[in-house]
Amino acid sequence: MTATAQDLTTVIRHWPDLTEALGSRTAPTWPPAGRMSDYMRALEQRDAEQMEAEQHRALTLRTLERDPTQIGVRPIPIRLTIHETMRVVQAALVLCADQIAGSVQRPVMGLLPDGYPKADLARRQRLALRDRQDPRRWSWTGTRPSAQHAALWLLGRVQGVPGPFRPLTAPQLDHVASVARGAADRVVQALDVGERTATLTRPCPQCKGTVKMYGGAGASPVARCTACGHVWSGALVHDA
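Note that the sequence shown covers residues 5 to 244 in this note's numbering.
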């Protein structure tokens, strides 16, 4: 499987997880909290500007969604970061499918002009209708397809699945690869299902070097100073 196919498959497989996470009241934090913070308390520091911006954004959305007659701050029943991820990913994939279909999708078969035998006209009409209703076609009018549908359709084009299409050119493959990679990265980050690293804002208390934290994808978080090699984990602190 190519990298592009893997990225599209990641979106397809984890889209239901995003939908489920949308209504969750809790979100994973990175760097992770808990026992790790007991060992790393002196090193952890939140990015004040990012937090302030997020709070401002959340407050703005609450203001837009709140009933004018309601007093006070009303909790939002969805997770904003998940909602934003789903919105951006769907928009990117659907737009990409629009662009690719506009270039590679064969026009619908036309009808025969008058003058042909009635049997030929009727047969061509049936073929044209079947061609127009071919479920493999990408229809970019009316209700917009879901992100999963767009990813599946693009996966078919990348893999060269037969249909009313021309093969993708190298630039078109590169374009799909770029969009798929960005979509998969957003999904993985939102759900915390991939390996992740983070550079902590405070320096190592031993040598003032830079500390990086590694984890994600089910792995226990570990922090390591890139200068002196000191390592912190959830259960053990030692010198490398």
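Don't be surprised by glycine CBs; every beta carbon is placed ideally from N, CA and C.
Span of the beta strand (DSSP E), counted from its first residue to its last, around residue i
i: Ala235; result: Reading off the sequence, residue 235 comes out as Val, not Ala. Val235 -> beta strand (DSSP E) spans 234–237.
Buried or exposed (CB count within 10 angstroms, at least 16 for buried), residue i
i: Ala126; result: exposed
i: Asp118; result: exposed
i: Asp11; result: buried
i: Ala155; result: buried
i: Arg140; result: exposed
i: Pro166; result: exposed
i: Leu22; result: buried
i: Pro149; result: buried
i: Val180; result: buried
i: Gln94; result: buried
i: Thr8; result: buried
i: Cys211; result: exposed
i: Pro225; result: buried
i: Arg134; result: exposed
i: Asp174; result: The question names Asp, but residue 174 is Ala in the sequence shown. Exposed, because fewer than 16 other Cβ atoms sit within 10 Å of the Cβ of Ala174.
i: Ala194; result: buried
Assigned secondary structure, residue i (DSSP; H/G/I helix, E/B strand, else coil)
i: Thr201; result: strand
i: Cys208; result: coil
i: Arg228; result: strand
i: Gln137; result: coil
i: Glu165; result: Here residue 165 turns out to be Val, not Glu, going by the sequence shown. It is coil, neither helix nor strand.
Boundaries of the alpha helix (DSSP H) in which residue i is found, first to last residue
i: Ala9; result: 7–26
i: Glu162; result: Note on residue identity: the sequence assigns Val, not Glu, to residue 162. Its alpha helix (DSSP H) spans residues 151–162.
i: Ser182; result: 174–195
i: Leu250; result: No answer is possible for residue 250: it lies beyond the span of the chain, which begins at 5 and ends at 244.
i: Gln94; result: 84–108
Determine, using beta-carbon pairs with one atom in the region 179–198 and one in the region 127–141, whether at least three such pairs fall under 8 Å.
-> These segments do not touch.
Given 8 Å as the limit, is there contact between the region 97–107 and the region 146–164, that is, 3 or more CB pairs closer than that?
-> Touching, yes.
Three-pair Cβ contact test at 8 Å for the region 103–116 versus the region 200–213 = No: the two stretches stay apart, fewer than three of their Cβ pairs being nearer than 8 Å.
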